[in-house]
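> Letter by letter, the sequence shown follows residues 226 to 1170 of our numbering.
The C-beta atom is built at its ideal place from N, Cα and C for all residues, glycine as well.
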Amino acid sequence: MSRSPTTEQKLSPAEGKGKGVGDQSKERKDNELCILVDHGCPTAETMSQMASSRSGYGLAWLLLHFINMGRSKLPFEKLDLVDFSLNARKLKLLLASFLSGPGILETLKFNCDLSDTASGIFDLLPSSLEHVDLSGNRLRCQCMEAVSSALSSGGLPKLLSLDLSDNPLRPSGVRALAKCLSSSKVPLPLQSLKLARTKAKAEGVETLAEALKAKKTTSLQTLDLAENEMRPAGLKHLASAINAEAVPRLRVLILKLNYLTLVAGDNRDYVPTTDTDYGPIAEFLSTSALKELEEFDLGGNHIFDREIGVGEGGWVSAAAFGTANRFPGLRRLNLGGSDSQMLPRQLKVFATALGVKGAPSLEEVVIPREGYPDTPGGVVALANALSSGHLSQLRSLKIANRRDIKSDAFAKLCRSLTTGKTSSLQTLELNTLSCKDVVDDGLWALAEGIGEGGLSSLKSLRLSFSPVEGVALSSLGLALGRGGCRCLQELHLSWYEHGGTGLQGLAEGLGGGCLLCLRDLSVCVRFMQEYMMQGRSRREYKWEPRGCKALGEVLSTGKVPSLRTVSLNWLCGYSFASVCDGLSKGRISPGVMVEVELRRGIQEYEDFGMTRFAKVIRQGKLSGLRKLRTGEHFWLSRQGGGVLGEALTHADAPLKSLEEVTLSGQKYPAVEAFLARLCRGPGSLPALRSLECPEFGWGQAPQFTRSLSAFITGGKVPSLRDLKVDVAGVGQEAMQAFAAALHSPHVFALRRLEVRFGGVSYVNAAADVGMVSVAMSSGNLRRLEELCVGNFREIEEVRALCVGLGSGRLSSLRKLQFLETSLGVEGGRALSEVLVAEKLPLLRSLVAASTELTDGGVWALTEGWMIRSPPPLEDLNLDSNGLTEAAADALLTLQSSKRMPLLETLSVVDNDPFDEGLKCLLSAAFAEVRYVEEYTPWVAHTDFG
């Protein structure tokens, strides 16, 4: 074994003279340890893991000491502390141990919830750092001032990238950063700045834009401002900075989900305001200062949902992207998927502009869903652009759910993709919501082109269609199987057909032996015949689901050896039973992770499908099952639930990979039978992380509760992190069993618990809650991070819960939420006594929406926090509580006391309206106040329920 000359050193006589035997022995041991370390060659990943854990921290510090002393030449250029679990003092000690120099720390990543502990850390960062990732650390304005100080003092002279995403910086935090960027005495080498999801809003973007205008960051190449609610006002300031040539080298600009055309405003009907302003985006797209821009992400913003020339600032045209010398370097463009709209007319001018000589040579394009009218002109124009040869570098094309992809237009689009003019295409996603058989010609064209090698570079193919002719889809599957796409790694297909011919062709294609790179397969199919079997026997309605059994056989007999994940979304009925028959012919490799979602089929055949599925599991042929879900409105019978539960813990079904079981919408008899037989089996589910059971009626679930409790207490789900149960009125015996389960050491991994208790009719409701509170006091739930409790109707129930909350044994709890609960004034007072920093030192979010808290309850809660040390709350949700200006006064008094300095977000949706003067006071006291329901962009689904 060779030895490192830098670590193996013999003591010369001169060096050894004067040293005692003990000193020489110590130095010899140090040398030997250095030799062992160098020969072990721990990677940066290994050293990061050591530094992040209690058991390895000391060794990591020692290795770093050897490196600093020149005793070891181990590389330590990257440190990833995402999983750092020690205290701030040890983090500071670790960082203080780094020296600057070649090969010494260049990349540092924190994602370990630094929060307020971070302020003193940034002065310790070594000057050798080039890349710093501080995303997801709950950093605020105070921490940003420390970051800014490190930058402005010249402590990070080599910094090239800074990621501050997913921190609640808010406008004040962004302002602190902006001040540093603009006041630097020398230009900064910064090339990448990421501020996604930092709650910057228009005010923060304005200060950033002004800082950019100082032109101290002209080297900036990447700017990520995604999901910051900048709205038209913020975009206007950003456009001003860009037009001032503040970022002449910008190559990547991320502005997705920023409401770029939606003006902020109140709306008590829970729908987005219709007040829009298209002026700023029109100005932005007319700039000529982004000539080096290569990637532009505008996803989730409704920009092209108006006809050209209509509305305020309505001259927004998608043709801007093809205008000569405007975005000549553009390569990747995201205009939005299912969460955005693009009218056919806008698609037409966009595609036409791209098909002209001199337009940017795009490599990746995402096109949104359409708005009405659903005329095909835009799709035709896109096909022409693809056929022109001006998009020859296109590597990815994604088109969201569009009704204008139909008939001749779709066929032309598919032919244009396979003519060889887009031979570099690697990713293709087409989704259409067209009705009737209007995509068949396009499928034939796509199949023909693939068969001729027109898409030979394709690696990912995602297609979603409404009713299609099975023969057309079959041709596509067969073309894939003949080697038309030998590089294909991902195949996701969703369709609705008559017969099963399409699935038969897909199965034959998969088994053809030419898809040697395919790793991910997802199939969602619906057969019209399955709905026609309602009320008929299989013998009476003679239909054989062609292709179902063949698909199962292909998957279970290793015909696609490269597969790593398989997802099946099916109606639980006759066709799914046939798939299971095919699966029983062999065995899916344990290395293949399988996800199954079963939807409602024909009631007479649901047990038939479930029985076959359970048999496959019991036989050990589906050992890689990772997720199992039942869709809404799919109701298992007691028999179906029982056979499924029995299968999951059967002795011959080692489901070591099952992580999630979701029984959405199931009725009590089925779930009771499921849990009873699940518990009875000899096997366990060591990887199960989430078990979601539906809500039941009052007093319906005693046996279910006992079975679930026995399953947990028996140690069969040691990794369970998320548990949702309804124990309303189950009775004392069942509640004792449930409380015993929560009291056992087998719930140590639990992170989220949702429990719904009894209602007004159950006289022992407080006693039930008390049992669970005792379990909370045991210490076995000390890693619980989120607790949701519901259906309290009496103050005694709230007080019983407070015993557990005030025990001091829920030290990791971060969120407390009440569901359909009556708190009232006394509830607010009781909570104020236990929601204190001493008992709940990490509590950040309190959700007390629809709890009948009233003004009196808010006053009781805030008065308690005025005389006790409150928890470090950041978010307070008081929606739908009948609050008036009196409650607002209580909240203002609390904030003015500075006793809760981290409380920044207040939600008071659906309460009595506050006047404008009071709103101004609240906005001054809280960083964010919500008066209306947050708007979530509409997303269309591509599978069939």
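1) So, are the CB atoms of Ser699 and Asn626 less than 9 Å apart?
2) Tell me, to the nearest whole angstrom, how far the beta carbon of Ala974 is from that of Arg946; I am working on the premise that it is less than 8 Å.
3) When DSSP labels each residue in this structure, what does Tyr893 get in the three-state scheme?
4) Could you tell me which residues DSSP pairs with His968 in its beta bridges?
5) Inspect the CB distances between the segment 1137-1151 and the segment 370-390 and report whether three or more fall short of 8 Å.
6) Looking only at its own chain, which residues have a Cβ that is under 8 Å from the Cβ of Ala878, when we skip the five neighbours before and after it?
7) Using 8 Å for Cβ pairs, my map puts Ile813 next to Leu780. What's the rounded Cβ distance?
8) Taking the beta strand (DSSP E) that Lys303 belongs to, which residues open and close that run?
9) On the three-state DSSP scale, how would you describe Val791?
10) Leu686 and Leu716 look like a contact to me (Cβ under 8 Å); what is the Cβ gap, rounded to whole Å?
11) Quick one: what does DSSP say His290 is sitting in, helix, strand or coil?
12) Pair every Cβ in the segment 726-741 with every Cβ in the segment 688-705, then say whether three or more of these pairs are closer than 8 Å.
13) Is Asn1016 near Ala953, with beta carbons less than 9 Å apart?
14) Could you tell me which whole beta strand (DSSP E) segments of length 3 or greater appear in the segment 1006-1093?
15) Since Ser374 is in the beta strand (DSSP E), which residue starts that stretch and which ends it?
16) What residue range is occupied by the uninterrupted beta strand (DSSP E) comprising Leu980?
17) Taking 9 Å as the threshold (C-beta atoms), are Leu333 and Leu350 in contact?
18) Could you tell me the alpha carbon to alpha carbon distance between Pro970 and Ala935, rounded to whole angstroms?
19) Of the choices Glu428, Gln416, Gln1120 and Ser632, whose alpha-carbon is the least far from that of Ala670?
20) Hey, how far is the Cα of Thr1130 from the Cα of Leu1098?
21) Measuring straight from C-alpha to C-alpha, what distance separates Leu460 and Gly826?
22) Determine which residues share a DSSP beta bridge with His717 and list them.
23) Determine, using beta carbons only, whether Ala1112 and Asp1080 come nearer to each other than 9 Å.
24) Does the beta-carbon distance from Leu933 to Lys892 come in below 9 Å?
25) Can you grab the Cα-Cα spacing for the pair Pro396 / Asn453, in whole Å?
26) Run through DSSP, which three-state label would His1179 get?
27) Give the straight-line distance between the Cα atoms of Leu385 and Arg711, rounded to the nearest whole angstrom.
28) Beta strand (DSSP E) containing Asn656: first to last residue?
29) Would you report the Cα separation of Val477 and His615, rounded to the nearest angstrom?
30) Any idea if Gln957 is buried or exposed, counting beta-carbon neighbours within 10 angstroms, 16 or more meaning buried?
31) What is the DSSP secondary structure of Val1154, reduced to helix, strand or coil?
32) For Trp1084 and Ala1115, what's the separation of their Cα atoms in angstroms?
33) Of the residues Arg1008, Ser612 and Ser1002, which one's Cα is nearest the Cα of Leu1067?
34) Going straight from the alpha carbon of Asn550 to that of Ile467, what length do you get?
35) With a threshold of 8 Å on Cβ separation, who are the neighbours of Glu1153 within its own chain once the five nearest residues in sequence on each side are excluded?
36) Note down, in chain order, each residue of its chain lying with its Cβ closer than 6 Å to the Cβ of Asp666, except the 5 sequence neighbours on either side.
According to the structure data:
1) Numbered from 1 along the sequence shown, position 474 holds the residue referred to as residue 699. Numbered from 1 along the sequence shown, position 401 holds the residue referred to as residue 626. No, Cβ-Cβ distance for Ser699 and Asn626 is not below 9 Å.
2) Locating residue 974 in the sequence shown gives position 749, where the first residue counts as 1. Locating residue 946 in the sequence shown gives position 721, where the first residue counts as 1. Yes, they are in contact, since the Cβ atoms of Ala974 and Arg946 sit about 6 Å apart, within 8 Å.
3) Counting from 1 along the sequence shown, the entry for residue 893 is found at position 668. Note: Tyr893 maps to helix in three-state DSSP.
4) Taking the first residue of the sequence shown as position 1, residue 968 is located at position 743. DSSP, once it has assigned bridges, lists no residue as partnering His968.
5) no
6) Your numbering for residue 878 matches position 653 in the sequence shown. Once the five neighbours on either side are set aside, the close Cβ partners of Ala878 are Ile842, Arg843, Gln844, Gly845, Leu847, Ser848, Ala872 and Gly908.
7) Within the sequence shown, numbered from 1, the residue matching residue 813 stands at position 588. Within the sequence shown, numbered from 1, the residue matching residue 780 stands at position 555. Contact holds; Cβ gap of about 6 Å.
8) Here residue 303 is taken as the residue at index 78 of the sequence shown, counted from 1. Counting along the chain, the beta strand (DSSP E) containing Lys303 begins and ends at Phe301 to Leu306.
9) For the purposes of this step, residue 791 is identified with residue 566 of the sequence shown, where counting begins at 1. Correct three-state label for Val791: strand.
10) Against the sequence shown, residue 686 aligns to sequence position 461. Against the sequence shown, residue 716 aligns to sequence position 491. 5 Å between Cβ atoms; contact.
11) On the sequence shown, residue 290 is found 65 positions in, with the first residue counted as 1. Three-state result, His290: helix.
12) yes
13) Here residue 1016 is taken as the residue at index 791 of the sequence shown, counted from 1. Here residue 953 is taken as the residue at index 728 of the sequence shown, counted from 1. Result yes, Cβ atoms of Asn1016 and Ala953 sit closer than 9 Å.
14) 1011-1015, 1040-1044 and 1070-1072
15) As a working mapping, residue 374 is identified with position 149 in the sequence shown. Here Ser374 belongs to no beta strand (DSSP E); instead the alpha helix (DSSP H) covers Cys366 to Ser377.
16) Position 755 of the sequence shown, counting from 1, holds the residue named residue 980. Note on identity: in this sequence residue 980 is Val, with Leu being the wrong assignment. From DSSP, the beta strand (DSSP E) with Val980 extends over Arg977 to Arg981.
17) As a first step, residue 350 must be located in the sequence shown, where it is residue number 125. As a first step, residue 333 must be located in the sequence shown, where it is residue number 108. Closer than 9 Å, so yes.
18) Taking the sequence shown and counting its residues from 1, the one referred to as residue 970 is at position 745. Taking the sequence shown and counting its residues from 1, the one referred to as residue 935 is at position 710. Taking the straight line joining both Cα atoms gives about 13 Å.
19) As a working note, residue 670 is residue 445 in the sequence shown. It is Ser632 whose Cα lies nearest to the Cα of Ala670.
20) Mapped onto the sequence shown, residue 1130 falls at position 905. Mapped onto the sequence shown, residue 1098 falls at position 873. Cα-Cα distance, rounded: 9 Å.
21) What you label residue 460 is simply residue 235 of the sequence shown in a count that begins at 1. What you label residue 826 is simply residue 601 of the sequence shown in a count that begins at 1. Their Cα atoms are separated by approximately 49 Å.
22) Along the sequence shown, one-based indexing puts residue 717 at 492. Looking at the DSSP assignment, His717 forms a beta bridge with Arg687 and Ser747.
23) Here residue 1112 refers to the residue found at position 887 of the sequence shown. Here residue 1080 refers to the residue found at position 855 of the sequence shown. Yes, the pair counts as a contact, with Cβ atoms nearer than the cut-off.
24) For this step, residue 933 is matched to residue 708 along the sequence shown. For this step, residue 892 is matched to residue 667 along the sequence shown. Contact: no.
25) Counted from its first residue, the sequence shown places residue 396 at position 171. Counted from its first residue, the sequence shown places residue 453 at position 228. If you take the alpha carbons of Pro396 and Asn453, they lie about 10 Å apart.
26) This structure leaves residue 1179 out entirely; the chain is present only between 226 and 1170.
27) Here residue 385 refers to the residue found at position 160 when the sequence shown is read from its first residue. Here residue 711 refers to the residue found at position 486 when the sequence shown is read from its first residue. Looking at the two C-alpha atoms, the distance is approximately 40 Å.
28) As a first step, residue 656 is located in the sequence shown; it is residue number 431 there, counting from the start. Start and end: Thr652 to Thr657.
29) On the sequence shown, residue 477 is found 252 positions in, with the first residue counted as 1. On the sequence shown, residue 615 is found 390 positions in, with the first residue counted as 1. So the two alpha carbons sit approximately 22 Å from each other.
30) Residue mapping note: residue 957 aligns to position 732 of the sequence shown, counting from 1. Counting Cβ neighbours within 10 Å, Gln957 comes out exposed, since fewer than 16 surround it.
31) Against the sequence shown, residue 1154 aligns to sequence position 929. Note: Val1154 maps to strand in three-state DSSP.
32) To locate residue 1084, count along the sequence shown from 1; it is residue 859. To locate residue 1115, count along the sequence shown from 1; it is residue 890. Answer to the nearest angstrom: the Cα atoms are 6 Å apart.
33) One-based indexing of the sequence shown puts residue 1067 at position 842. Ranking Arg1008, Ser612 and Ser1002 by Cα distance to Leu1067 puts Arg1008 first.
34) Position 325 of the sequence shown holds residue 550. Position 242 of the sequence shown holds residue 467. One C-alpha to the other measures close to 15 Å.
35) Here residue 1153 refers to the residue found at position 928 of the sequence shown. Excluding positions up to five away in sequence, the list reads Arg395, Lys424, Glu1129, Thr1130 and Leu1131.
36) As a first step, residue 666 is located in the sequence shown; it is residue number 441 there, counting from the start. Excluding residues within five positions, the ones whose Cβ falls inside 6 Å are Ala636.
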